[in-house]
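Colleague: First the structure, then my questions, so here it is.
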Amino acid sequence: DAGVTQSPTHLIKTRGQHVTLRCSPISGHKSVSWYQQVLGQGPQFIFQYYEKEERGRGNFPDRFSARQFPNYSSELNVNALLLGDSALYLCASSSVRAVAYEQYFGPGTRLTVT
Amino acid sequence: GESVGLHLPTLSVQEGDNSIINCAYSNSASDYFIWYKQESGKGPQFIIDIRSNMDKRQGQRVTVLLNKTVKHLSLQIAATQPGDSAVYFCAENIGDGGSQGNLIFGKGTKLSVKP
């Protein structure tokens, strides 16, 4: 059974550009959460989506947005990229709304903003 | 894979010894705690969890201790193996048994196991 998959694996963008990151949850999982992990730090919560609705949002600017599709896959969009957006972006899926447990992480997308 | 362990506190142990990784959490209202293991180039992997109404929980080779008085969490790994080398994060959650959408991660500790 496939785990959480994310694409692309690596991405290099220029300041001011926008980026779309994609996540496919484990089959049967209806909750997807996004985290940002800056090098040397723990992941920071960005969004949670459950049954295609936003259920939680972390302390991130409006440049960050996300959505979940009918097949429960998800996209994270970041506009007007800043150098500080360079990080590993992690997606996690869960079979229930409760995001804290039964949560499985993908390998992440490494975003570099130059 | 790119390391996630740069500039993190490091614990170095000999293979076969026991490891203790500590974590101070921030919110006295947190009611659910999780330990994650993150290897280079991979996402965090669930190790063990504990609810705030417990002070100890054991898994396979791992034990988590919770001291709510001083807001301290520890992870004990018995008979540490080279495959245990990774960055370990504690995470806390405020809400009804994890129903809230916000996991707060600590800064992490890099465990290095010497053969």
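Top to bottom, those sequences are chains A and B.
To convert, note that position 43 of the first sequence is 43 in the working numbering; the numbers rise steadily by one, no gaps.
Remember, the working numbering sits 1000 above the position in the second sequence when you count from 1.
Using N, Cα and C, we set each Cβ at its ideal position, and we do this for glycine too.
1) How many angstroms separate the CA atom of His18 of chain A from the CA atom of Val78 of chain A?
2) For the beta strand (DSSP E) containing Gly56 of chain A, list its first residue and its last residue.
3) Using a C-beta cutoff of 8 Å, does Val1004 of chain B count as contacting chain A?
4) Which partner residues does Phe1089 of chain B have in the DSSP bridge list?
5) With three or more beta-carbon pairs closer than 8 Å as the criterion, would you say the region 23-32 of chain A touches the region 80-88 of chain A?
6) For the region 47-54 of chain A against the region 1030-1043 of chain B, do three or more pairs of beta-carbon atoms, one drawn from each stretch, fall closer than 8 Å, so that the two count as touching?
7) Return the first residue and the last residue of the beta strand (DSSP E) that Asp1049 of chain B is part of.
8) Please tell me whether Pro8 of chain A has its Cβ less than 8 Å away from any Cβ of chain B.
9) Starting from the C-beta of Arg57 of chain A, find all residues in its chain whose C-beta is less than 6 Å away, skip the five residues before and the five after it, and write them out in chain order.
10) Taking C-beta pairs closer than 8 Å, name the residues in chain B that Ser69 of chain A reaches, listed in chain order.
11) Among residues of its own chain, excluding the 5 on either side of Gln1081 of chain B, which ones have a beta-carbon nearer than 7 Å to its beta-carbon?
12) Are the region 1046-1066 of chain B and the region 1026-1033 of chain B in contact at 8 Å, needing three or more beta carbon pairs?
13) Straight-line CA distance for Gly1097 of chain B to Arg1057 of chain B?
14) Taking 8 Å as the threshold, find out whether the region 104-113 of chain A comes into contact with the region 2-9 of chain A through three or more Cβ pairs.
15) Let's see if you can read the secondary structure: which residues bound the beta strand (DSSP E) around Phe1103 of chain B?
16) By Cβ distance below 8 Å, which residues in the same chain neighbour Ser1099 of chain B in space, the five residues on each side in sequence not counted?
17) Taking 8 Å as the threshold (C-beta atoms), are Gln36 of chain A and Ala87 of chain A in contact?
18) For Asn1053 of chain B, decide whether its Cβ has a neighbour in chain A, counting only Cβ atoms nearer than 8 Å.
19) Specify, as a first and last residue, the run of the beta strand (DSSP E) that Ser1019 of chain B falls within.
20) Anything in chain A within Cβ reach of Gly1108 of chain B, meaning under 9 Å, just list it in chain order.
Modeller: The structure says:
1) 6 Å
2) Glu53 to Arg57
3) Residue placement at Val1004 of chain B is flagged as unreliable, the pLDDT there being 46, under the threshold of 50; the coordinate-derived value follows with that caveat. Interface residue, yes.
4) B:Tyr1036
5) no
6) no
7) Gln1045 to Arg1051
8) no
9) Phe47
10) Reading the sequence as shown, one finds Phe at residue 69 of chain A and not Ser. By Cβ distance, chain B contributes nothing, its closest Cβ being about 19 Å from Phe69 of chain A, past 8 Å.
11) Glu1015 and Val1113
12) yes
13) Caution applies to Gly1097 of chain B, whose pLDDT of 46 falls short of 50 and renders its modelled position unreliable; the value that the coordinates give is listed next. Using only the alpha carbons, I get a separation of about 16 Å.
14) yes
15) The sequence given here has Leu at residue 1103 of chain B, not Phe. Here the beta strand (DSSP E) through Leu1103 of chain B covers Leu1103 to Phe1105.
16) Here Ser1099 of chain B scores only 47 on pLDDT, less than 50, and its place in the model should not be relied on; the value that follows carries that caveat. No residues qualify anywhere along the chain.
17) yes
18) no
19) Ser1019 to Ala1024
20) Gly40, Gln41 and Gly42
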